[in-house]
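All remarks here apply to the structure that follows.
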């Protein structure tokens, strides 16, 4: 059995003749990168794997930088995505509630939806339930949490992942975090989405609660927020709050929905701004497996920022984006998919595939992946 | 919690190191690359099976099946099977195909024996892990007598080195009192005791039946405890815990209740399973 270098790799510094400069290799198949010295990178490029150290070989295979020689990579990626989309299509259930309804109407709706979920759960094929709640008033949030708590206890939580996504007002988290800490549910991932952040002081209180205080939520927390002003207009208070967050965890700038006339330059400028202000960020694209799941899985507390003004509608769009990718794979054979533009694209593993269905062209974020990576690697070297 | 994670990390690194040394000795460079690939694909298949993504898991195993079966019955085949067989077994288990799952675990056990015979004690503990996987299957399908039979044999070996001369565990004799034995026995023993006991608590209804099952589980421990050589604080805490539970079965209710309450107030944060099981016995004793 022989091996080859995967074609889904982005290198930096390949033309450099300096043996002192490290070379970074990024695999779009796993959205992971590795720092190599000049000699190892050359061995990798020449596919001279026998002379690479064993431990490193293991890592390179794990990252899928090295793959079997007879593997049809395009087919592998498409098949994997196809199975991923099939699994997630059948197993997810999105429940949306908005703020305009009365308390009684919400209560009845929760019960009604509960029956549908129970029905699906009984068929043993339900894995993920998303609750998307748009409530901006804290007293209603507490009521809501109690209702969810009461009615989800009847389910086998081991089998089903529950994502409770709450759109909140800046500062409101401080009022009900105590309530959360006594909830008996332990397998729920809460996603707090702060919209319309104009009051930086109130927002900073929430940041302190989530990131700095020792609160036992007993659950995983994802924290998303939308800053509705272009980064060039961010005040010192905004920058200071973001620095506090990035001191604890990475910020994941959300590039997915940014559309600018000068889109090739935008991400780089934004990243340079973040870096200059010592706001740590993660540039790696979310792998398609996570797009299907809707929400990143690898961190207990994560945060996401964007300066795009779409706000909460974008968050809903984010949750729904998996549907768009799934559509690419529905009712189409692998043979047909192979004819698509996406099939030849080096970014297919991280993107999942959009073209030919609803989107006229690739999402903007795809164009800038290489720029982002190269900038990131350049900064690593410095 | 943090202490446990740190300890688990040390254990994992310890095993990974020993396992890597074994592979270094047994495989040439070209074979090692192939093994890395088989190992990674098996791990991916296992990971997706754990998440319940069965079709995707099947996709990964289908990639590896043909490669593995095309290998001659050589060392690469055997080493690859140490990873592939348990992972594929879990894939079957997850789908409720217990016969296939059991068969692959039996194959994995026979495969591991080969490496123990070659002088790699670390594989003796890999073998015990496969027995534990069998126990998990039996427990899930309420095949309690088979589960208890294996539990008893493994616990006797870990406590005293005693093994049934005709059984497969007989192959474990050479690993008794090796460095690997002293490093691993507490983790193995506690894993089997706690997991099985918790499973009984969750699955079995009725005071008398659960009393009987727990007694059958713990009797081999009570009988062999005197041979267990205490070498660290973990051993000490476990022995203390077992002796308190022994009081319950000896009918010393007042002594048991007093000791259990002290233990629970002092050790509750250290090990959740220990605390939960003890709290269960305490409740049983009070009702």
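Protein chains in written order, with the numbering used here: chain Z, 22 to 403; chain E, 1149 to 1435. C-beta atoms are modelled at their ideal positions from N, C-alpha and C, and glycine is treated no differently. Computed from a predicted model, the values in this text were never measured in an experiment.
Between residue 1176/E and the set 74/Z, 129/Z, 99/Z, 393/Z, the nearest pair of CA atoms involves 74/Z. In the displayed model, residue 1427/E falls within a helix according to three-state DSSP. When beta bridges are read from the DSSP output, residue 246/Z appears opposite 215/Z.
Contact annotation: the region 1404-1414 of chain E does not touch the region 1333-1351 of chain E, with fewer than three C-beta pairs closer than 8 Å. Only those residues of the region 61-81 of chain Z whose C-beta falls short of 7 Å from the nearest C-beta of chain E are listed: 70, 71, 75, 78, 79. At least 7 Å separates the beta-carbon of residue 1234/E from that of residue 1328/E. With a beta-carbon spacing of about 7 Å, residue 1186/E and residue 1215/E fall inside the 8 Å limit used to define contacts. A Cβ-Cβ separation of about 10 Å leaves residue 1183/E out of contact with residue 1219/E under the 8 Å criterion.
By the 16-neighbour rule on beta-carbons within 10 angstroms, residue 35/Z is exposed. Not a single C-beta of chain E is nearer than 7 Å to the C-beta of residue 221/Z.
Per the C-alpha coordinates, the member of 25/Z, 260/Z, 253/Z positioned closest to residue 291/Z is 253/Z.
In this structure, the alpha-carbon of residue 1266/E lies about 47 Å from that of residue 1356/E. For residue 56/Z, no alpha helix (DSSP H) encloses it; the enclosing beta strand (DSSP E) starts and ends at 53-57. Under the Cβ distance rule, residue 125/Z does not count among the residues neighbouring chain E, no pair being separated by less than 7 Å. Look at the region 1213-1233 of chain E: the residues with a C-beta under 8 Å from a C-beta of chain Z are 1215. In the pairwise beta carbon analysis, the region 1279-1291 of chain E is classified as not touching the region 1162-1176 of chain E: fewer than three pairs are separated by under 8 Å. The Cβ atoms of residue 40/Z and residue 46/Z lie no closer than 7 Å to each other.
Taking the beta carbon of residue 101/Z as reference, the chain E residues within 8 Å of it are 1204, 1207, listed in sequence order. By the 16-neighbour rule on beta-carbons within 10 angstroms, residue 70/Z is buried. CA-CA distance, residue 103/Z to residue 350/Z, rounds to 6 Å.
Residue 91/Z and residue 230/Z have their C-alpha atoms spaced approximately 52 Å apart. Under the three-state reduction of DSSP output, residue 356/Z falls in the helix class. Remark: C-beta atoms of residue 1396/E and residue 1428/E do not approach each other more closely than 7 Å. Following the DSSP letters along the chain, one finds residue 1197/E inside the alpha helix (DSSP H) bounded by residues 1177-1198.
Residue environment: residue 1205/E is assigned as buried (16 or more neighbouring CB atoms within 10 Å of its CB, all protein chains considered). When CB distances to chain Z are screened at a threshold of 7 Å, the residues of the region 1174-1195 of chain E falling below it are 1177, 1178, 1180, 1181, 1182, 1184, 1185, 1188, in chain order.
The beta carbon of residue 215/Z does not come within 7 Å of any beta carbon belonging to chain E, so the residue lies off that interface. With a cut-off of 8 Å on Cβ pairs, the region 356-376 of chain Z is in contact with the region 94-102 of chain Z, counting three or more such pairs.
For residue 1270/E, no beta strand (DSSP E) encloses it; the enclosing alpha helix (DSSP H) starts and ends at 1270-1288. Of the candidates 1217/E, 1242/E, 1243/E, 1423/E, 1217/E places its Cα closest to the Cα of residue 1232/E. CA-CA distance, residue 63/Z to residue 44/Z, rounds to 10 Å. 76/Z is the residue among 76/Z, 49/Z, 59/Z, 25/Z whose C-alpha sits nearest the C-alpha of residue 1165/E. CA-CA distance, residue 1426/E to residue 1393/E, rounds to 7 Å. One Cα belongs to residue 1229/E, the other to residue 66/Z, and the distance between them is close to 31 Å. In this structure residue 24/Z does not touch residue 1212/E by the C-beta definition: roughly 15 Å separates them, more than the 8 Å allowed.
Partner residues in the beta bridge of residue 30/Z, as assigned by DSSP, are 48/Z.
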